[in-house]
Ligand SMILES: Nc1ncnc2c1ncn2[C@@H]1O[C@H](COP(=O)(O)OP(=O)(O)OP(=O)(O)O)[C@@H](O)[C@H]1O
Ligand SMILES: [Mg+2]
């Protein structure tokens, strides 16, 4: 069930481009109190793609990501306008159960937020919640696989049941959160700078993992690394002061950004 080995016939974003998008965002605006943080944002998310959000700090990337799985629900002073559809259905519609909606997503936050429980329970909890494993043995195998994929297993295998997630180093916590996000094999993975505090070797492993995972999932990743976006993204979305100024296939975005703002940002980051 959790085996996501890629094969030669693995569907790719290019293959699926003619399929309808998984998610459609139209004219999305968001206010935090008086502050307009997203201004008329529209984009699509397709199956089997990695879509990277880039742009200067404070431009609205995290805010936009959180809209997709309704992470702003319950936040005071947040006002959302516009439309977000998932498989054609309005995610704010009356038939949508917000917790069930959120369970379709894996979420890796900008700041690692492991549960204050054992390493094992951090990864096992979502699988238990979804009823994904039949017995303890299957659950243990599943937890091991998630930790291996997040490149954390070797560092924690000896103390899975005793060490508390919040007692790990920053980079280990981030990889634990990645393992937790993988635990339910979500339809869409939302990752806010998932390798921000991870060393280069583990970063490369995580990037390889994401490219492998897109055979079965759509991934939206926020990154401040243009090199990372270039290596793994199929398309890149450039945000600026709350606006989504352009979305382009990765090659095109880096070869010839359409807007002066994206051009200057990319040139500054690459230079
Ligand atoms: N909870 C909040 N309440 C009020 N304003 C907020 C809140 N969260 C974000 N903002 C503001 O909204 C704007 C967009 O923030 P957001 O976190 O989406 O930026 P970002 O592009 O993710 O930046 P970074 O690259 O630094 O993470 C910023 O001006 C920020 O100060
Ligand atoms: Mg952010």
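In this note's numbering, the protein residues as written are 1 to 271. Every residue gets a Cβ at the ideal spot worked out from N, C-alpha and C, and that includes glycine.
Query	Result
CB contact flag (residue 165, residue 117, <8 Å)	yes
beta-carbon residue 118 near ligand 1 non-hydrogen atom, thresh 7 Å	no
Bridge-paired residues (DSSP) for residue 106	189
8 Å Cβ cutoff met for residue 29 and residue 47	no
Collapsed DSSP secondary structure at residue 136 in the structure displayed	helix
Three-way DSSP call (helix, strand, coil) for residue 216 in this model	coil
Pick from 180, 223, 76 and 155 that is closest to residue 130, judged by C-alpha positions	180
Span separating the alpha-carbon of residue 185 from that of residue 135	18 Å
Residue list, Cβ distance to ligand 1 heavy atoms smaller than 5 Å	32, 37, 57, 58, 59, 60, 61, 62 and 63
Complete alpha helix (DSSP H) runs within the region 124–171 (minimum length 4 residues, chain order)	136–149 and 153–156
Any non-hydrogen atom of ligand 2 closer than 7 Å to residue 96 Cβ	no
Any non-hydrogen atom of ligand 2 closer than 7 Å to residue 172 Cβ	no
Same chain, Cβ closer than 7 Å to residue 178, neighbours up to 5 away in sequence not counted	108, 150, 194 and 206
Of the listed residues 263, 250 and 80, nearest to residue 25 (C-alpha basis)	80
Under the three-state DSSP convention, the category residue 239 falls into	strand
Straight-line Cα distance separating residue 35 from residue 2	A caution first: residue 2 carries a pLDDT of 37, below 50, which makes its placement in the model too unreliable to give a value.
Per-residue DSSP class, three states only, for residue 207	helix
Residue 268, enclosing alpha helix (DSSP H) - first and last residue	260–270
Straight-line Cα distance separating residue 85 from residue 208	29 Å
Beta-carbon gap between residue 236 and residue 228 smaller than 8 Å	no
Where residue 188 falls, given that 16 or more other Cβ within 10 Å makes a residue buried	buried
Cβ pair residue 75, residue 38 closer than 8 Å	no
Beta-bridge partners of residue 35, as assigned by DSSP	32
Span of the alpha helix (DSSP H), counted from its first residue to its last, around residue 230	226–232
Rounded Cβ spacing between residue 234 and residue 250 (contact assumed at less than 8 Å)	6 Å
Outcome for residue 7 when other beta-carbon atoms lying within 10 angstroms are tallied against a minimum of 16	Residue confidence for residue 7 is low, a pLDDT of 36 falling below 50, so the modelled location carries little weight; the figure read from the coordinates is stated next. Residue 7 should be labelled exposed.
Beta-carbon contacts of residue 223 that lie in its chain and below 7 Å, excluding the five residues immediately before and after	52, 54, 193 and 229
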